[in-house]
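S.K.: Before I ask anything, here is the structure I am working with.
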Amino acid sequence: MVSMMVAAFRRRHFINRSPVRSARWELPSPVHMSYDHMKIESKWQDVWEREKVFEVTEDDSKPKFYNVAMYPYPSGELHVGHVRNYTYIDLITRYKMMQGFNVLSPMGWDSFGLNAENHAIETGINPRVSVDEQIAKMKEQFRLLGVGFDWSRELASHDPAYYRWDQWLFLELYERGLAYKAEAAVNWCPKDQTVLANEQVVGDDVCERCGTPVEKKMLSQWQFKITDYADRLLDSIDNLHHWPDRVRTMQRNWIGRSKGATFTMQVDGKGSFDVFTTRPDTSFGMTFCVLAPEHALVESLIKGSQNETEARDYVAAARRQSEIERLAEGDKTGVFTGVYAINPVNDARVPIYIADYVLMGYGTGAIMAVPGQDQRDWEFATKYGIDIIRTVQPEEGFDGEAYLGDGATINSDFLNGLHREDAIAKIIGWFGENEIGEATTQYRLRDWLISRQRYWGCPIPMVNCESCGLVPVPKEDLPVLLPPIDDYLPKGKSPLAAVDEFVNTTCPRCEGPAQRETDTMDTFMDSSWYFLRYADPHNDEIIFDPEKAKYWMPVDQYIGGVEHAILHLLYARFITMFLHDIGLSPVEEPFERMFTQGMLIRDGAKMSKTKGNVVSPDHYYENYGADATRLFELFVGPPKDDAVWNDSGVPGTKRFLDRFWKQAAGDHRFSNRQTDGRDREMLGITHRTVRKVTEDIDRFHFNTTVPALMTLSNELQTYLGDEPVEDVYKEVIEKMVLMLSPMAPHLAHELWEAKGHATMLAHEPWPSWDEDLAREETVTMIVQVNGKVRDRIEVSADIDEAGAEEMALASEKIQGWLDGGEVMRVITRPPNLVNIVVG
RNA sequence: GCCGGAGUGGCGGAAUUGGAAGACGCGCCAGAUUCAAAAUCUGGUGAGGCAUUGCCUCGUGUGGGUUCGAGUCCCACCUCCGGCACCA
């Protein structure tokens, strides 16, 4: 049956060729209409595993390439969105191996976190058990995809052998004054008596479980002083030359350094407060000032004022809102306190307002409002009927809005006539002389709050002693193990607080009774240094051997979702800088090249388990194979952009692979004619394709490599129908197999072996191209008249300007279009284009 | 509200530098093969118009602008996506 079909196929396509000789490769099975992907793929997956092809050690004879995909949360199920990420990372691993690099591509698990804890609350199953099961499932899916990871370095953040080093890091930060405890607000559900993550606050600020309105509650929590590193984290962005501009910009804006001045405002008989401004040169334009609702002075200001009730209601309402909601409100709101402050520059009495557009977390939590030069202040002043004083003169006059541009200072006494920079310098000098203020720098960045009132995380290694206070757990006592528990629901505190044998301990300092910290760490801590641990994942003496890290670091290519462009990357940079400062990390910046990939969309939304629109790759592995699945993942769209999943895409790439299989492994009849232009053209296209595929991989345009190979295959099909020459055919096939090997590695390996190679394809060099062969001898030159295409002429590729113009003007079609008009100008861009401008 | 992106046929997308808009694939249509279907192969496929060959006009979210020439650059806006902790 099968051989009849093959015979029919051959008859249809090659019946007219005069057979001279044939190329027959040794194949394990006859050439079917489609290849047996199940058999081939499991065969090569076994070989790669058995031969430990992707396990590497430090090797100074080769340049290293360290390739990391952001480690996944073990949801138990890969979907085609994940597969996209790992197809990219594997393409790079295999491509770089072929280029002669010693490539490390490890994998691990971001296994602490809210999802596993929620699962435990629902099912009562210890997350330790469910997470391990899910990891096993996902590993199998990785194997079926054929991804080359060095599994000998596998790690998981819930493993005590891993998280003990989280705790060690915490203690190092603490010893250097970079970890401290301070009051911070949490979302609090009064009904469930539970702290809620932002994600658990839904809709109109209610608890996702019970729908109760969420409140804010202050708790004493651990924070890392990332702000001490703000300048370094900001300035060092300039050196991240191989990061996407959008990520660098977002990081810069996130840190948000602004220079300005802080000065003190006096309140009538009720103390004083500091304000920060980036525009001290506009101080004479202050017509009111604003305190954040949470400002410490608010209570004493409003007490007994004529606006007390209204102000109190406003503060209470603001407290109920999340910060994003406060920002999202289009209309500025606020309330007058009934109290006035004194503008120190001119002794003017200005009303003090409370408004939620001023945040306690930034600057001093209080501002001088200058509506003439600030748009938000302008809107507020307009709404509440407050005076506006212009202090900067625009050259083009005022337009009924705040003026943010430059100009001479006006209405400002001793600053009049000065421009911004000089005025700022002068007023800051004046603040100094009068001892009311000074130049200061503020950052948008805040310290990193790491306390979580949750079970499924790394315990914070501190104890509270009744006589010694906060005492760190000695490093030799690490890890502080996360105890098994029965009830995962937090009750006012972390679930760990209910475990007496965990909580009650002795003070490491005085050996008196003490209680452990019951909060766990933010999982961003786990993910801030795992790429360093991969260099030395099994070390139980030290977080990692600096010598091994020196070999592998920095990460040469880091790939992950664009949603991590700010927080994760910033924290990872901070911790790496810290590890560098204490002499462990060889580098300050962990990621040499960063690539942020887009997400996969289906049914108009990003693929996620909660949205119920995930597509499992298993069905595609089974019916079309991992290679076809991988090829479509590459083909689906630009890696940096979101892409839409199409269910019939994988069958399409399988068709291409089947066709290539037939071209590569099938029987063809060859001619022994002299080589001619047909062969020259076939080789030209092949070498141009090698060049294009290489360049496109290097610039991360994976989506265009697949069509390039498809086009080459189409050209080969035509070539095979017109007296093909065997040597030419062999070169085309060999180059194609090599190019396909990082993309569709199973089929490529099978064909490589079938062709009689004793070597493994994974160890073969990436194909090169010959520029002479790749050069095109003639090109189609576009001739335009007034910018519209009017003719196309085949010209020699090395035509010069005069020649191009001559050819263009000689065209009959062009002459027709020039009829009657005067040639004003001729633009020539040989050999591609001539544009004739006629009047 | 702020920061960062993105909008191109029925669909995903292509167009490295400002120079042929729609490569390649999916889908659809027609044909070949088949008792039939699937699979496979061949051809066609932005819209509108004229047409015997072929040719013309329009067309890259909207409105302006720069340029011999704009999907690409500039200004304003609309819609969608990612992030978020009013940046004073």
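Under the numbering used here, the first residue of the first sequence carries the number 109, and numbering increases by one thereafter. Even glycine gets a Cβ: it sits at the ideal position worked out from N, Cα and C.
Just list the beta strand (DSSP E) runs in the segment 657-719, keeping only unbroken ones of 3 residues or longer that don't cross its boundaries, in chain order.
M.R.: The qualifying runs are 665-669, 702-705 and 708-710.
S.K.: Is the segment 769-778 touching the segment 827-840 in the sense that three or more CB pairs, one from each, lie closer than 8 Å?
M.R.: Contact holds: three or more Cβ-Cβ distances are below 8 Å.
S.K.: Can you give me the Cβ contacts of G364 inside the same chain, cut-off strictly under 7 Å, excluding the 5 residues immediately before and after it?
M.R.: Within the first sequence, the letter at position 256 stands for residue 364. For G364, where only same-chain residues beyond five positions count, the Cβ hits under 7 Å are Y551, R552 and L553.
S.K.: Please list, in chain order, all residues of the same chain as N940 whose beta carbon is under 8 Å from its beta carbon, the five residues on each side excluded.
M.R.: As a first step, residue 940 must be located in the first sequence, where it is residue number 832. Closer than 8 Å at Cβ, skipping near neighbours: V887, M889 and I890.
S.K.: In terms of residue numbering, what span does the alpha helix (DSSP H) encompassing Q483 cover?
M.R.: For this step, residue 483 is matched to residue 375 along the first sequence. Unbroken alpha helix (DSSP H) run through Q483: Q483 to Y492.
S.K.: Suppose only complete runs of 3+ residues qualify. What are the beta strand (DSSP E) ranges in the segment 311-380, listed by chain order?
M.R.: Segments of the beta strand (DSSP E) lying fully in the segment 311-380: 323-332 and 365-375.
S.K.: Identify whether G537 lies in helix, strand or coil by the three-state DSSP scheme.
M.R.: Translated into the one-based positions of the first sequence, residue 537 becomes position 429. Helix at G537.
S.K.: Would you check if the distance between the CB atom of N667 and the CB atom of M246 is smaller than 9 Å?
M.R.: Taking the first sequence and counting its residues from 1, the one referred to as residue 667 is at position 559. Taking the first sequence and counting its residues from 1, the one referred to as residue 246 is at position 138. Going by the sequence as given, residue 667 is Ile instead of Asn. No; because the gap between Cβ atoms is not below 9 Å, this pair is not in contact.
S.K.: H871: buried (16+ other C-beta within 10 angstroms of its C-beta) or exposed?
M.R.: On the first sequence, position 763 is the one that residue 871 refers to. So H871 counts as exposed.
S.K.: Classify P473 as buried or exposed, calling it buried when 16 or more other Cβ atoms lie within 10 Å of its own Cβ.
M.R.: Your numbering for residue 473 matches position 365 in the first sequence. A quick correction: the sequence has Gly, not Pro, at residue 473. It is buried - the Cβ of G473 has at least 16 other Cβ atoms within 10 Å.
S.K.: Count the other C-beta atoms from every protein chain shown that fall within 10 angstroms of the C-beta of Q483, then say buried if there are 16 or more, exposed otherwise.
M.R.: As a working note, residue 483 is residue 375 in the first sequence. Q483 should be labelled exposed.
S.K.: Taking the straight line between their C-alpha atoms, what separation do you get for E625 and P567?
M.R.: Here residue 625 is taken as the residue at index 517 of the first sequence, counted from 1. Here residue 567 is taken as the residue at index 459 of the first sequence, counted from 1. The alpha-carbon atoms of E625 and P567 are separated by roughly 7 Å.
S.K.: Can you grab the Cα-Cα spacing for the pair P321 / V303, in whole Å?
M.R.: Residue numbering aside, residue 321 sits at position 213 when the first sequence is read from its first letter. Residue numbering aside, residue 303 sits at position 195 when the first sequence is read from its first letter. For P321 and V303, the distance between alpha carbons rounds to 13 Å.
S.K.: Does the separation of the CB atoms of D376 and V447 fall below 9 Å?
M.R.: Taking the first sequence and counting its residues from 1, one reaches residue 376 at position 268. Taking the first sequence and counting its residues from 1, one reaches residue 447 at position 339. It is a contact, given that the beta carbons lie within the stated cut-off.
S.K.: Between the alpha carbons of A547 and T386, how many angstroms are there, rounded?
M.R.: Locating residue 547 in the first sequence gives position 439, counting from the first residue. Locating residue 386 in the first sequence gives position 278, counting from the first residue. Whole-angstrom Cα-Cα distance: 10 Å.
S.K.: In its own chain, which residues sit with a C-beta less than 7 Å from the C-beta of V931, not counting the 5 before and 5 after it?
M.R.: If you number the first sequence from 1, residue 931 lands on position 823. Around V931: I944 and V946.
S.K.: Kindly list the residues whose CB is nearer than 8 Å to the CB of N647, restricted to its own chain and excluding five residues on each side of it in sequence; keep chain order.
M.R.: If you number the first sequence from 1, residue 647 lands on position 539. If we look at N647 and ignore the five residues flanking it on each side, its Cβ neighbours are D653.
S.K.: Return yes when the C-beta of G792 is under 8 Å from any heavy atom of the ligand GDP, and no when it is not.
M.R.: Absence of the ligand GDP from the depicted structure is noted, as is the absence of any ligand whatsoever, leaving it without description.
S.K.: If you run the structure through DSSP and keep just helix, strand and coil, what is S904?
M.R.: Numbered from its first residue, the first sequence carries residue 904 at position 796. Strand.
S.K.: Buried or exposed for L399, going by 16 or more other Cβ atoms inside 10 Å?
M.R.: On the first sequence, residue 399 is found 291 positions in, with the first residue counted as 1. The residue is buried, with at least 16 neighbouring Cβ atoms inside 10 Å.
S.K.: Taking all protein chains shown into account, decide if H266 is buried (16 or more other Cβ within 10 angstroms of its Cβ) or exposed.
M.R.: One-based indexing of the first sequence puts residue 266 at position 158. Flag for H266 reads buried.
S.K.: Considering only DSSP beta bridges, list what Y448 is partnered with.
M.R.: Taking the first sequence and counting its residues from 1, the one referred to as residue 448 is at position 340. Note: Y448 sits in a beta bridge opposite P459.
S.K.: Taking 8 Å as the cut-off, does the segment 865-882 touch the segment 785-802 (at least 3 CB pairs, one atom from each stretch)?
M.R.: Touching, yes.
S.K.: Which of the three DSSP states is assigned to F117 in this structure?
M.R.: Translated into the one-based positions of the first sequence, residue 117 becomes position 9. With a pLDDT of 33 at F117, under the threshold of 50, the predicted position of this residue should be treated as unreliable, though the coordinate-derived value follows. Reduced to three states, the DSSP call for F117 is helix.
S.K.: Rounded C-beta distance between P616 and P582? I'm assuming under 8 Å.
M.R.: For the purposes of this step, residue 616 is identified with residue 508 of the first sequence, where counting begins at 1. For the purposes of this step, residue 582 is identified with residue 474 of the first sequence, where counting begins at 1. With a Cβ gap of about 5 Å, P616 and P582 count as contacting.
S.K.: Along the chain, where does the alpha helix (DSSP H) containing E879 start, and where does it finish?
M.R.: Stepping through the first sequence from its first residue, residue 879 is reached at position 771. Segment E879 to A882, the alpha helix (DSSP H) holding E879.
S.K.: Does the Cβ-Cβ distance between F768 and S821 come in under 9 Å?
M.R.: Stepping through the first sequence from its first residue, residue 768 is reached at position 660. Stepping through the first sequence from its first residue, residue 821 is reached at position 713. Yes; because the gap between Cβ atoms is below 9 Å, this pair is in contact.
S.K.: What whole-angstrom Cβ distance do E884 and A905 have, given they're in contact under 8 Å?
M.R.: Numbered from its first residue, the first sequence carries residue 884 at position 776. Numbered from its first residue, the first sequence carries residue 905 at position 797. Confirmed, about 6 Å.
S.K.: I need the DSSP call for Y143, collapsed to helix, strand or coil.
M.R.: Taking the first residue of the first sequence as position 1, residue 143 is located at position 35. It is coil, neither helix nor strand.
S.K.: With a threshold of 8 Å on Cβ separation, who are the neighbours of T445 within its own chain once the five nearest residues in sequence on each side are excluded?
M.R.: Here the question's residue 445 lines up with position 337 in the first sequence. L399, V406, L409, I410, S413, N415, A419, P459, I460, Y461 and I462, listed in sequence order.
S.K.: Who are P567's beta bridge partners in DSSP?
M.R.: Here residue 567 corresponds to residue number 459 of the first sequence, with the count starting at 1. Paired residue(s): T628.
S.K.: Once DSSP output is grouped into helix, strand and coil, what is the label at D382?
M.R.: As a first step, residue 382 must be located in the first sequence, where it is residue number 274. It is a strand residue.
S.K.: With a threshold of 7 Å on Cβ separation, who are the neighbours of I544 within its own chain once the five nearest residues in sequence on each side are excluded?
M.R.: Counted from its first residue, the first sequence places residue 544 at position 436. Excluding positions up to five away in sequence, the list reads F371, T372 and P452.
S.K.: In or out: S169 buried (at least 16 other Cβ within 10 Å) or exposed?
M.R.: Residue numbering aside, residue 169 sits at position 61 when the first sequence is read from its first letter. Burial call: exposed.
S.K.: Pull up the DSSP beta-bridge partners for S559, would you.
M.R.: On the first sequence, residue 559 is found 451 positions in, with the first residue counted as 1. According to DSSP, S559 bridges with M629.
S.K.: Excluding five sequence neighbours on each side, which residues of the same chain lie with their C-beta closer than 7 Å to the C-beta of S137?
M.R.: Translated into positions along the first sequence, residue 137 becomes position 29. With a pLDDT of 35 at S137, under the threshold of 50, the modelled position of that residue is not reliable, and the figure given next carries that caveat. The answer, listed in chain order, is D144.
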